[in-house]
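Heads up, the thing below is written out as structure tokens.
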Amino acid sequence: MNAPADIHAWLAEQQYKELLRFITCGSVDDGKSTLIGRLLYETKQIFDDQLAALESDSRRHGTQGQKIDYALLVDGLSAEREQGITIDVAYRFFASEKRKFIVADTPGHEQYTRNMVTGASTADAALLLVDARKGVLTQTRRHSYLAKLMGIRHVVLTVTKMDLVDYDRSAFDAVVADYRSFAEQIGIGDWHAIPVSGLNGDNVVRTSKTMPWYSGPALLDHLDTVPLDADADVSRPFRLPVQWVNRPTQNFRGFAGQIASGTISPNAEIRVLPSGRLTRIDRIVTADGDLKKAVAGQSVTITLADEVDCSRGDVIVAAGDPPQAADQFEATIVWMAEDELLPGRGYWMKLGTQTVTATVQHPKYEINVNTLEHLAAQTLGLNGIGVAEIATDRDIVFEAYDDSRELGGFILIDKLTNATVACGMIHFALRRSLNIHRQHLDVSRETHAQLKGQRPAVLWFTGLSGAGKSTIANLVEKRLVARGRHTFLLDGDNVRHGLNRDLGFTEADRIENIRRVGEVARLMTDAGLIVLTAFISPFRAEREMVRKMLPDGEFIEVFVDTPLEDAEKRDVKGLYAKARAGELQNFTGIDSPYETPESPEIHIDTMAMSADQAADLIVQELDKRR
Amino acid sequence: MQQLTHLDRLEAESIHIMRETVAEAVKPVMLYSIGKDSAVMLHLAKKAFFPAPLPFPLLHVDTTWKFRDMYALRDKVAAEPGVELLVYKNPEAIERGINPFDHGPLHTDMWKTEGLKQALDKYAFDAAFGGARRDEEKSRAKERIFSFRDRNHRWDPKRQRPELWSLYNVRKNRGESMRVFPLSNWTELDVWQYVLREQIEIVPLYFAAERPTIERDGLILMVDDGRMRLEAGETVVSRKVRFRTLGCYPLSGAIESDAVTVEDIVAEMLASTTSERQGRAIDRDAGAASMEKKKQEGYF
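Residue numbers (my numbering), protein chains in the order written: chain A, 10 to 635; chain B, 977 to 1276.
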């Protein structure tokens, strides 16, 4: 491309380009790098100095002999170039006369699922590469399935290396026929096939005389006409997830966010969810003056006609067509972390601008991405895809992912490491909490408590094995009973002989152990009792889970704080010795972590006080709470 | 209905990223390097939070070797109402008189990488906006928009968090931080088009003018002040030049040009055959992996 004769006219035209995001699926063997290299080169995205660097890299690490190895252009990190692997999603940019393109380029190796899902999440279309000599392969099916799963509506079936089959029509037709039946099977309605040669540039930017039997557009021309998701979003009902409240003075209160769908104008009737308050749009405020109208995709600041409660995480929606709010869902989950999913554990869930705690049930099934079979599964490992039920700790505003990526897609974050461990797509809300009515009880928990003349509570002792939890809990219970309190002590070892006999010591089992103990403790507080529990309960997330089961103020976390070396020195039950010898697995403090409470209600430093002193302190604290 | 153009969409995405950072970070800051990308980023920030003033300060990690025109624009921006500018200079680099002539790669390491880390630690910033774009360089192409850094500000390319949809995981533990790149998906051409559309003020050095220059190691360098050391045989020649990227003046290569407007610059760019980082001596230190290595050490 040379500089246009009239730069002013050219620039004016460039102002009105559209933006299309697409993902490329396929491996280096399919000619992907060559094709991308060709697209970048022909649209003048590779400069001479980059080409020179590429030539020198090709000689050093390349696999194409004396030819330029375009894969090296795509594999950005030196770690990758040296090892000849690609570890991540890379984004590339080029433009036609009509559109700017953002390409998510993902490598085709075993980490493929995670990378492709990431790249596909923002893509309008998928460029699916098939080698003309090999035809539709298992990986073609896998890529198509993942594209469909992530909501990509348009597939460009790019049949590559046509030069190696002498531009033979029957090779192309065979691929197309094969793909047609598969696309129908998984429900890809909108796809178009193009025969190309990346190496020679046939049908990439210009249609080629080598394939007169192909009457369709060249690849770039086709990419110029693929429908944009953004256009579909505009015609859906108005949704604005509130990101940030703009309050520079007492007189201005603006709600800032990016419009997920629909259009909005001043005076339009809206609802603030989840509260449901009804009001009108007052102004759409920008630095360049107020707008008369704003559409999906724009980042705006709006003000409302009435002073209603609205903050980050709320969603401003069309009054007449609001989305649902719920706290239980069915969703497809793609697991992206080395540590597998722990059913029952609390993860942060981020959906739109809402962040809540969510727990995932055991998957209903896992999906084999190669055969699309449903497999029984207890959990999901790295790159596992499954369908499971999810519960959140409060209502969230959502839509089905098929309708809205913005309000139907979510990520899960590990609460300890803060890593993004999964993504998910909501199918629908489960109305189970509405369908299963709890038995109404005439004798209430208040009645039980009054009869016993006490306020129920759970004293939750946590600490390392051998820290002194059971010893201190015993002393506390004796003192309470002596004062006429009604109590019950749930001890770790005893519970494991009965109620939790079926559970082992894996992370998942330890979580279930604590969940059950929490539920039993809650029932006992309903009966009016003061419950003492003595469990290592090493994970912060599970202790918080129990806290949330109980009414405010009834969960009292007692951290029995003994340094590991002292607990190990005491080793009353001889367990540390066994763990050190490798006879016990998953032993807290040795090969399994203990997450120290951040702000326990009561902190017992066993190095600074005796068990009796500790018991006195706890009874005093309990008295203060009556 | 008027459709959103690609510039509208890039603008909306950048604003979304900035608001998300401000909503979730404890103490954000915007790295301000005075170049065109910084200018665009600052302009977007003003739009994102209008009518409120910027909810974070700007931070200039100074090397004392920038062009005089850059300092002039920086001070003008700092004087705007609602803008708070912090300037940080690594005291050790001042004391040791670190300069681009005697100290080679140490100059960038001490002033920029170390200076930046010291400044972020000093003010306890937990999120820092940077104007880097993915089209600039290979390792940038693989970096997240929200780039997690450990307690030592290090970037680990193999442990990046997956980034899906427009959902950004901003969670971190105390002492850890985020580098945030709102312009990740912009290209050099997008930036120029936006500068033109929004009439954003940029340093005059981007436009061609007669300037005192020398030629060294294949680069045209500008003699911006008396500190420029001339080597034997070098003579100062007036050339009509401009800069595609700006940094420390003894390290920034100029190109000969007649472009005096943004339109001219774009026209030249379209006809050009070299990338914009080509004029930067700083990228050449360690061959192909230069930027990746710097980033792992804590550079932007």
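Even for Gly, the Cβ is constructed at its ideal location relative to N, Cα and C.
Simplified DSSP assignment, three categories, for residue i
i, result
"Phe-1157 (chain B)", "coil"
"Ile-991 (chain B)", "helix"
"Ile-611 (chain A)", "strand"
"Ile-293 (chain A)", "strand"
"Thr-981 (chain B)", "coil"
"Gly-329 (chain A)", "coil"
"Ser-179 (chain A)", "helix"
"Trp-19 (chain A)", "helix"
"Pro-204 (chain A)", "strand"
"Trp-469 (chain A)", "strand"
"Asn-392 (chain A)", "coil"
"Tyr-603 (chain A)", "coil"
"Asn-1128 (chain B)", "coil"
"Arg-447 (chain A)", "Per-residue confidence for Arg-447 (chain A) stands at a pLDDT of 46, beneath the threshold of 50, marking its modelled position as unreliable; the derived number appears in the next sentence. Three-state result, Arg-447 (chain A): coil."
"Met-618 (chain A)", "coil"
"Ala-586 (chain A)", "helix"
Under 8 Å from the C-beta of residue i: neighbouring residues of chain B
i, result
"Met-171 (chain A)", "Ordered by position in chain B, no residue passes the 8 Å Cβ test against Met-171 (chain A), which lies about 29 Å from the chain."
"Thr-605 (chain A)", "Per Cβ cutoff of 8 Å: no residues; Thr-605 (chain A) is ~13 Å from chain B at best."
"Thr-597 (chain A)", "In chain order: nothing, as chain B lies at least about 21 Å away."
"Ile-45 (chain A)", "The premise fails here: Ile-45 (chain A) is roughly 12 Å from chain B at the closest Cβ pair, so nothing lies under 8 Å."
"Val-294 (chain A)", "Phe-1026 and Pro-1027"
"Ala-180 (chain A)", "What Ala-180 (chain A) touches in chain B: nothing, since even the nearest Cβ is about 34 Å away."
"Lys-359 (chain A)", "Leu-1143 and Asn-1145"
"Met-345 (chain A)", "Pro-1138"
Closer than 9 Å at the beta carbon, the chain B residues around residue i
i, result
"Lys-157 (chain A)", "Per Cβ cutoff of 9 Å: no residues; Lys-157 (chain A) is ~16 Å from chain B at best."
"Cys-432 (chain A)", "Pro-1138, Leu-1140, Trp-1141 and Leu-1143"
"Glu-27 (chain A)", "Gln-979, Leu-980, Thr-981, His-982 and Arg-985"
Chain-ordered chain A contacts of residue i [CB-CB under 9 Å]
i, result
"Asp-1111 (chain B)", "Gln-54, Tyr-100, Arg-101 and Phe-102"
Beta-carbon proximity check, residue i vs residue j, cutoff 8 Å
i, j, result
"Pro-352 (chain A)", "Thr-401 (chain A)", "no"
"Thr-33 (chain A)", "Val-145 (chain A)", "no"
"Thr-542 (chain A)", "Asp-570 (chain A)", "no"
"Ser-1160 (chain B)", "Leu-1096 (chain B)", "no"
"Ile-539 (chain A)", "Pro-609 (chain A)", "no"
"Leu-439 (chain A)", "Phe-338 (chain A)", "yes"
"Thr-364 (chain A)", "Arg-354 (chain A)", "no"
"Ile-405 (chain A)", "Ala-476 (chain A)", "no"
"Ser-274 (chain A)", "Ser-413 (chain A)", "no"
"Ile-627 (chain A)", "Val-567 (chain A)", "yes"
"Ala-431 (chain A)", "Val-343 (chain A)", "yes"
"Glu-996 (chain B)", "Gln-252 (chain A)", "yes"
"Phe-1101 (chain B)", "Pro-1004 (chain B)", "yes"
"Ala-1243 (chain B)", "Lys-1216 (chain B)", "no"
Where residue i meets chain A, residues with beta-carbon distance less than 8 Å
i, result
"Asn-1149 (chain B)", "Asn-427"
"Glu-1239 (chain B)", "Ile-16, His-17 and Leu-20"
"His-1161 (chain B)", "Reading off the sequence shown, one finds Asn at residue 1161 (chain B), where the question assumed His. Result: Tyr-100, Phe-102 and Ile-111."
"Ala-1117 (chain B)", "Gly-85, Ala-99, Tyr-100 and Arg-101"
"Gln-1169 (chain B)", "Leu-20, Gln-23 and Gln-24"
Under 7 Å from the C-beta of residue i: neighbouring residues of chain B
i, result
"Ser-130 (chain A)", "Leu-1140 and Trp-1141"
### Query
Counting pairs of beta carbons, one from the stretch 280-287 of chain A and one from the stretch 313-329 of chain A, are three or more of them closer than 8 Å?
yes
### Query
So, do the stretch 508-517 of chain A and the stretch 430-440 of chain A have three or more beta carbon pairs nearer to each other than 8 Å?
no
### Task
Could you name each continuous beta strand (DSSP E) segment of 3 residues or more that falls completely within the stretch 1133-1204 of chain B, going from the start of the chain to the end?
1153-1156, 1185-1192 and 1195-1198
### Query
Is the stretch 239-249 of chain A in contact with the stretch 304-320 of chain A, if contact means three or more CB pairs nearer than 8 Å?
yes
### Message
Three Cβ pairs or more, each shorter than 8 Å: is that satisfied between the stretch 980-987 of chain B and the stretch 1136-1146 of chain B?
### Response
no
### Query
Is the stretch 1162-1181 of chain B in contact with the stretch 1220-1240 of chain B, if contact means three or more CB pairs nearer than 8 Å?
yes
### Given 8 Å, three or more beta-carbon pairs between the stretch 195-206 of chain A and the stretch 160-172 of chain A
yes
### Query
Are the stretch 1033-1047 of chain B and the stretch 1085-1092 of chain B touching, with three or more C-beta to C-beta distances below 8 Å?
yes
### Contact between the stretch 546-558 of chain A and the stretch 523-532 of chain A (3+ Cβ pairs under 8 Å)
yes
#### Entry: Contiguous beta strand (DSSP E) assignments of at least 3 residues, all confined to the stretch 315-359 of chain A
324-327 and 333-344
### Message
Is it the case that the stretch 178-194 of chain A contacts the stretch 134-153 of chain A, given that we only count it when at least three CB pairs across the two stretches are under 8 Å?
### Response
yes
### Query
At which residue ranges does the stretch 95-133 of chain A contain complete beta strand (DSSP E) runs of 3 or more residues, listed in the order of the chain?
99-104 and 108-114
### Task
Please list the segments of the alpha helix (DSSP H) lying wholly inside the stretch 233-298 of chain A, counting only runs of 4 or more residues, in order along the chain.
238-243
### Query
Touch check for the stretch 1005-1024 of chain B and the stretch 1226-1238 of chain B: three-plus C-beta pairs under 8 Å?
no
### Message
Going residue by residue through the stretch 483-546 of chain A, where are the continuous beta strand (DSSP E) segments of at least 3 residues, counting only ones entirely within it?
### Response
496-500 and 539-543
### Message
Tell me whether the stretch 1057-1073 of chain B and the stretch 1111-1130 of chain B touch, counting them as touching only if at least three CB pairs, one residue from each stretch, are closer than 8 Å.
### Response
no
### Task
Taking 8 Å as the threshold, find out whether the stretch 477-488 of chain A comes into contact with the stretch 556-563 of chain A through three or more Cβ pairs.
no
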